[in-house]
Amino acid sequence: MVLNYLLRKREDFQSTHEQLHIMTRKTSKCTSVKIFNNNLCLLILPLLFVLTGFNSLLQAQDRNYEDVIIMGVYAHPDDETSSGPVFAKYARKGAKIILVVATDGRLGVTDLTDLEAGDELAALRREEMQCAADVLGADLHHMHYHDQLRAPEGQDLFIQESRKIIDDLHEIMGDRQPDIIITWGPDGGSNHLDHRIISGTVTQIVLSKNWENRPSLFYSGTQIPELGDLWRYRGVHEDFLTVRETFTEEDVDVAAEAARCHSSQFRPELIESWAEQWRETGHTYFRPFEAPRAMADDMLSYPSQYE
Ligand SMILES: [Zn+2]
C-alpha cells in the first residue's frame with residue numbers, strides 16, 4: 000500500500016537521520032580522541048556522504064503523493080473545516096482528497112440567514128459544501144441523510160437511519176479504497192451525537208470490513224489544555240496526539256476561503272480567528288487508531304499498550 004510504503008520510507012529516513020547524527024558526533028571525536036586513528040575517519044566520512052545522498056533520495060520519494068487517497072468522513076457540511084489546512088496541504092501536494100458528508104445539515108439554523116430548519120436550508124448547505132470542496136480541491140460525496148439521522152422524529156427512525164448509514168459508508172469506503180481516513184474521535188470533536196455516530200461507524204467499518212488494503216485511520220484531536228473545563232467532553236490527552244501535521248500559510252488561506260463558503264454557519268470574524276490560530280501554530284494534531292500488535296492467551300498477559 001502506498002501509505003505503508005511512504006511511512007516505511009519515513010521510518011527509514013528517520014533511522015538514517017539518527018544514524019547520521021550519531022556518526023557525525025563520532026566523527027567529530029576523531030580529531031580529539033587519539034585512540035581512533037585517521038583510518039576510521041577515512042572509512043566513516045565517505046559512508047556519511049553516501050548516506051546523505053540516500054537521505055535526499057528518500058526525501059524526494061517522500062514527495063510523491065499522486066497515488067495517495069485521503070478521505071475525510073464527517074457528519075455535517077462544515078465539519079471538514081476542522082482539518083481544512085491539512086486537506087489543502089495534501090491537495091496541494093497532489094494527493095486525491097475525498098470528502099464524505101453524511102447529513103444535509105437541515106437543522107443548522109443560525110441568525111446568519113432567515114431560513115428555518117428544513118429543505119431550503121438543506122439545499123443551501125449542499126451548495127455551501129460543494130463550494131468548500133471545490134476550494135479545497137476535493138471530490139465530494141454528500142449523502143442524503145437528514146440532520147441528526149431523524150432522531151427528532153423518533154427512536155425507531157433514528158435506529159433505522161443509523162443502521163442504514165453503516166451499509167452506505169461501507170460501500171463508499173470500499174469503492175474508493177482510501178489510504179488514509181480522517182474522522183472525528185470518540186469525543187466527536189464537540190461531543191455532538193452525530194459526530195460520535197460517524198466516528199463509531201467509520202471505526203466499525205475499518206475494523207470489520209475484509210479490506211484488500213485496510214486504510215490507516217486518524218481521529219482529529221484537540222489537546223486538553225486548550226479546552227479548560229470542557230476537556231472531559233472534547234479533549235484528547237497529548238500522549239495520544241502523536242501525529243502533528245504541519246501546514247503552510249498558503250494552506251491556511253485555502254482553508255479559510257473554503258470555510259467562508261459556509262456563510263450560513265460561520266461569521267467572517269470567527270473564520271479569521273481560526274485562520275490566525277492556524278497561522279500562529281502552523282500545525283494540528285491527529286490521533287492514530289492503532290491496530291493490535293500481539294496475540295495473547297489472556298488480557299493480563301497482553302503487552303501494555305502504554306509503554
Ligand atoms: Zn458537525
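Under numbering that gives the first Met the number 0, the letters of the sequence shown match residues 0 to 306, in that order.
Even glycine gets a Cβ: it sits at the ideal position worked out from N, Cα and C.
Owing to the predicted nature of the structure, the values given are computational and were not obtained by experimental measurement.
Once DSSP output is grouped into helix, strand and coil, what is the label at glutamate 244? Taking the first residue of the sequence shown as 1, we reach residue 244 at position 245. Reduced to three states, the DSSP call for glutamate 244 is strand.
Compare the beta carbon distance of histidine 141 and aspartate 103 with 9 Å and say whether it is the shorter of the two. In the sequence shown, counting from the first residue as 1, residue 141 sits at position 142. In the sequence shown, counting from the first residue as 1, residue 103 sits at position 104. In contact: histidine 141 and aspartate 103 (Cβ atoms closer than 9 Å).
Through-space distance from glycine 184 to tyrosine 232, alpha-carbon basis: Stepping through the sequence shown from its first residue, residue 232 is reached at position 233. Stepping through the sequence shown from its first residue, residue 184 is reached at position 185. Taking the straight line joining both Cα atoms gives about 11 Å.
Secondary structure of alanine 258, DSSP reduced to three states: Within the sequence shown, residue 258 is the residue found at index 259, counting from 1. In the structure shown, alanine 258 sits in a helix (DSSP, three-state: H, G or I).
Range of the contiguous beta strand (DSSP E) that encloses alanine 116: Mapped onto the sequence shown, residue 116 falls at position 117. Alanine 116 -> no beta strand (DSSP E), and no H or E assigned at all.
Whole-angstrom C-beta distance between valine 201 and alanine 87, which should lie under 8 Å: For the purposes of this step, residue 87 is identified with residue 88 of the sequence shown, where counting begins at 1. For the purposes of this step, residue 201 is identified with residue 202 of the sequence shown, where counting begins at 1. Actually they are not in contact, since the Cβ atoms of alanine 87 and valine 201 sit about 22 Å apart, beyond 8 Å.
Which whole-angstrom value describes the C-beta separation of glutamate 310 and serine 262, a residue pair presumed to lie in contact below a C-beta threshold of 8 Å? It is not possible to answer for residue 310, since the shown part of the chain is limited to 0 through 306.
Can you give the Cα-Cα distance for isoleucine 96 and alanine 258, rounded to whole angstroms? For this step, residue 96 is matched to residue 97 along the sequence shown. For this step, residue 258 is matched to residue 259 along the sequence shown. The straight-line gap from Cα to Cα measures roughly 16 Å.
Between the C-alpha atoms of proline 291 and leucine 269, what's the straight-line distance to the nearest angstrom? Along the sequence shown, read from residue 1 onward, the residue named residue 291 stands at position 292. Along the sequence shown, read from residue 1 onward, the residue named residue 269 stands at position 270. Between proline 291 and leucine 269, the alpha-carbon positions lie close to 40 Å from each other.
May I ask you to report which of helix, strand or coil DSSP gives alanine 132? Here residue 132 refers to the residue found at position 133 when the sequence shown is read from its first residue. Helix.
Below 8 Å on the Cβ atoms is my guess for asparagine 209 versus glutamine 176; work out the distance and round it to an integer in Å. In the sequence shown, the residue the question calls residue 209 occupies position 210. In the sequence shown, the residue the question calls residue 176 occupies position 177. Contact flag wrong, Cβ pair sits at about 13 Å.
Ligand 1 and serine 82: does the residue's C-beta get closer than 8 Å to at least one heavy atom of that ligand? The sequence position of residue 82 within the sequence shown is 83, counting from 1. It does not: the Cβ of serine 82 is nowhere closer than 8 Å to a heavy atom of ligand 1.
For histidine 282, count neighbouring Cβ atoms within 10 angstroms of its own Cβ and tell me buried if that reaches 16, exposed if not. Here residue 282 is taken as the residue at index 283 of the sequence shown, counted from 1. By the neighbour-count rule (16 or more Cβ atoms within 10 Å), histidine 282 is not buried but exposed.
Measuring CB to CB, does serine 219 end up less than 9 Å from isoleucine 179? Against the sequence shown, residue 219 aligns to sequence position 220. Against the sequence shown, residue 179 aligns to sequence position 180. Going by C-beta atoms, serine 219 is not nearer than 9 Å to isoleucine 179.
When we look at the beta-carbon of threonine 182 and count the other beta-carbons within 10 Å, is it buried (16 or more) or exposed? On the sequence shown, residue 182 is found 183 positions in, with the first residue counted as 1. Counting Cβ neighbours within 10 Å, threonine 182 comes out buried, since at least 16 surround it.
Select from Asp250, Leu226, Asp296, Tyr305 the residue whose C-alpha is nearest the C-alpha of aspartate 238. Translated into the one-based positions of the sequence shown, residue 238 becomes position 239. Taking only the C-alpha atoms, the option nearest aspartate 238 is Tyr305.
What are the residues that DSSP puts in a beta bridge with aspartate 138? Position 139 of the sequence shown, counted from the first residue, corresponds to residue 138. DSSP output for aspartate 138 lists Ile97 as bridge partner(s).
Does at least one heavy atom of ligand 1 sit under 8 Å from the Cβ of aspartate 77? The sequence position of residue 77 within the sequence shown is 78, counting from 1. Yes, since a heavy atom of ligand 1 falls inside the 8 Å radius drawn around the Cβ of aspartate 77.
Using DSSP's beta-bridge definition, name the partner residues of tryptophan 183. Sequence index remark: in the sequence shown, residue 183 carries index 184 (1-based). Partner(s): Ser219.
Do you know whose CA, among Gln264, Asn63, Leu229, Asp250, lies nearest threonine 280's CA? Start at 1 with the first residue of the sequence shown, and residue 280 comes out as number 281. Closest option to threonine 280, Cα to Cα, is Asp250.
Residues in its own chain within less than 6 Å of leucine 98 by CB, not counting five upstream and five downstream? The residue given as residue 98 occupies position 99 in the sequence shown. Once the five neighbours on either side are set aside, the close Cβ partners of leucine 98 are Gly71, Glu79, Ala132, Ala137, Leu139.
Specify, as a first and last residue, the run of the beta strand (DSSP E) that methionine 70 falls within. Taking the sequence shown and counting its residues from 1, the one referred to as residue 70 is at position 71. Run containing methionine 70: 68-73, per the beta strand (DSSP E) assignment.
Classification of threonine 23 by the beta-carbon crowding that lies within 10 angstroms, buried from 16 upward: Walking along the sequence shown from the start, residue 23 turns up at place 24. Confidence is the limiting factor: at threonine 23 the pLDDT is only 32, short of 50, which leaves the residue's position unreliable and the question unanswerable from this model.
By Cβ distance below 6 Å, which residues in the same chain neighbour methionine 172 in space, the five residues on each side in sequence not counted? In the sequence shown, the residue the question calls residue 172 occupies position 173. Closer than 6 Å at the Cβ level, and outside the excluded window around methionine 172, lie Ile204.
For histidine 282, report the span of its beta strand (DSSP E) as first-last. Counted from its first residue, the sequence shown places residue 282 at position 283. Unbroken beta strand (DSSP E) run through histidine 282: 282-287.
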